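According to full-length UniProt numbering, the sequence shown holds residues 1 to 145 in order. The beta-carbon is built from N, C-alpha and C at its ideal position, and this holds for glycine as well. Being a predicted model, the structure only gives us computed values, none of them experimental. Everything below concerns the one structure shown next.
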Amino acid sequence: MPRRIAQIVHLKASAVAAYKECHANVWPEVLQQIQECNIRDYSIFFDNERTLFATFKYVGDDYEGDMQKMAANPKVREWWAMTDGMQESPIEGAVGSAEGPGWWKVLEEQGVLSPQRPEVSGATGAPEVATDAKIESPSSSVMIR
């Protein structure tokens, strides 16, 4: 089952343009390593103030092992050194993406909205969205309509 990951880090005000530029042209070696380490549907959002929010799905079965493979790639480490210089970590004692206690702060998932039934076709043959949904959280689930 895919594992969903969400993380935050802060962008230095002086680095906004450079950060956007480098992410418009991510190095192919970095993109390839991300794929090889079982990361899918990876997105980074910026609140236009200082916070970067990243989310992705991990579809492998050895997250720690895959993250070690990622960190062992010299081109990824070079990318991290460049982008870490544009960021400020919210993690106490952080020194960079390649070492220390982490750089991006991992967020705790609070709930997932998932359909209770699959999409169905209406009389016109067009898909209709299921009207029942369930929000799942670590401590409870709630039905919404």
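- Task: Return helix, strand or coil for A130, following the three-state DSSP convention.
- Result: With a pLDDT of only 49 at A130, under the threshold of 50, the placement of this residue in the model should not be trusted; the figure read from the coordinates follows. Under the three-state reduction of DSSP, A130 is assigned to coil, being neither helix nor strand.
- Message: DSSP has residue 149 in a bridge; who is on the other side?
- Response: Residue 149 cannot be examined here, being either before or after the span of the chain that is shown, 1 to 145.
- Query: Terminal residues of the continuous beta strand (DSSP E) containing I44?
  - Reply: Bounds of the beta strand (DSSP E) holding I44 are 39-46.
- Message: What does the alpha-carbon distance come out to for the pair K20 and D61?
- Response: 32 Å
- On the DSSP bridge assignment, give the partners of Q87 in chain order. L11
- Under three-state DSSP, which class holds R50? Here R50 carries a coil assignment [DSSP, helix/strand/coil].
- Distance, Cα to Cα, D66 vs K105? 18 Å
- Query: So which of C22, Q7, A81, A17 has the shortest CA-CA distance to Y42?
  - Reply: Q7
- Counted within 10 angstroms of its Cβ, other Cβ atoms place S139 as buried (16 or more) or exposed: Per-residue confidence for S139 stands at a pLDDT of 41, beneath the threshold of 50, marking its modelled position as unreliable; the derived number appears in the next sentence. The residue is exposed, with fewer than 16 neighbouring Cβ atoms inside 10 Å.
- Query: For the alpha helix (DSSP H) that contains A17, what are its first and last residues?
  - Reply: 16-24
- How far does the alpha helix (DSSP H) with V95 in it reach, from first residue to last? Run containing V95: none; DSSP gives neither H nor E here.
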